[in-house]
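In this note's numbering, the protein residues as written are 228 to 423.
Heads up, the beta-carbon is just placed ideally off N, CA and C, and yes, glycines get one too.
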């Protein structure tokens with residue numbers, strides 16, 4: 228069994244933010260790794276199950292080694308869609324989810340400008356220390372292996388895990404495997420193995 232590690236007030240606030248906004252941007256760091264991609268796709272999966280419009284936007288192309296993940300081809304890359312379309316997506320967003328980065332400069336200069344100038348609410352979810360991004364809700368768990376693990380635990384604590392599917396599981400697994408070095412780093416725990 229899992230121990231609830233995210234404070235219940237944060238779980239409630241995060242769920243309220245996710246449920247009450249219909250156009251959501253998911254943002255992660257430049258040169259995205261498996262955790263950045265996995266956590267973003269997993270959260271997008273949840274939001275689409277809820278009927279939300281969710282767009283993952285990144286500053287540079289993700290490695291093709293993650294193209295087996297459902298939704299990978301739908302990730303929006305700024306140089307491919309253009310700055311005008313990217314700005315439109317941010318202008319239409321009522322919520323921006325900042326995933327797997329602890330300071331706005333990690334998303335690239337252009338996306339940093341859009342993030343800092345946006346009037347959208349922000350939900351920050353990260354496992355790195357020293358988060359320097361202001362948001363309505365910040366879920367910071369540096370004791371956990373990855374942002375993907377945090378997303379899994381958030382979904383589980385919200386009580387909506389039974390709604391998730393195999394694609395969600397693959398996204399979470401990919402993120403955890405990549406950020407733990409195939410379970411070789413010190414961030415492993417019995418609960419992590421229970422999750423996977």
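Pick from the options that is closest to residue i, judged by C-alpha positions
i, options, result
"residue 340", "360, 373, 352 and 364", "360"
"residue 243", "277, 401 and 262", "277"
"residue 285", "411, 383, 395 and 300", "300"
"residue 265", "401, 364, 384 and 416", "401"
"residue 327", "294, 381 and 255", "255"
"residue 342", "304, 314, 369 and 364", "314"
"residue 234", "364, 289 and 296", "364"
"residue 280", "258, 245 and 369", "245"
"residue 304", "295, 294, 283 and 415", "283"
"residue 295", "398, 318, 388 and 369", "398"
"residue 258", "383, 417, 325 and 333", "333"
Residue i and residue j closer than 7 Å at C-beta
i, j, result
"residue 367", "residue 403", "no"
"residue 177", "residue 238", "Residue 177 falls outside the range modelled here, since the chain spans only 228 to 423, and no answer is possible."
"residue 357", "residue 329", "yes"
"residue 432", "residue 248", "This structure cannot speak to residue 432, because the chain is shown only from 228 to 423."
"residue 202", "residue 395", "No answer is possible for residue 202: it lies beyond the span of the chain, which begins at 228 and ends at 423."
"residue 261", "residue 405", "yes"
"residue 355", "residue 373", "no"
"residue 350", "residue 362", "yes"
"residue 220", "residue 377", "The displayed coordinates of the chain run from 228 to 423. Any statement about residue 220 would go beyond what the structure contains."
Per-residue burial, residue i [other beta carbons within 10 Å of its own, 16 or more giving buried]
i, result
"residue 336", "exposed"
"residue 230", "exposed"
"residue 271", "buried"
"residue 410", "exposed"
"residue 306", "exposed"
"residue 267", "buried"
"residue 380", "buried"
"residue 331", "buried"
Opening and closing residue of the alpha helix (DSSP H) in which residue i lies
i, result
"residue 368", "That residue, residue 368, is in no alpha helix (DSSP H); it is neither H nor E in DSSP."
"residue 323", "Per DSSP, residue 323 belongs to no alpha helix (DSSP H); it is in the beta strand (DSSP E), 322-326."
"residue 353", "That residue, residue 353, is in no alpha helix (DSSP H); its beta strand (DSSP E) goes 348-353."
"residue 334", "Looking at the DSSP string, residue 334 is not in any alpha helix (DSSP H), and its letter there is neither H nor E."
"residue 400", "393-406"
"residue 305", "305-308"
"residue 421", "417-422"
"residue 272", "261-276"
Run of the beta strand (DSSP E) containing residue i, from where it starts to where it stops
i, result
"residue 234", "Where residue 234 is concerned, there is no enclosing beta strand (DSSP E), given that its DSSP letter is neither H nor E."
"residue 281", "280-285"
"residue 253", "250-255"
"residue 214", "Because the chain in this structure spans residues 228 to 423, residue 214 falls outside the shown range and cannot be described."
"residue 380", "First-last for residue 380: 374-385, but that is the alpha helix (DSSP H), not the beta strand (DSSP E)."
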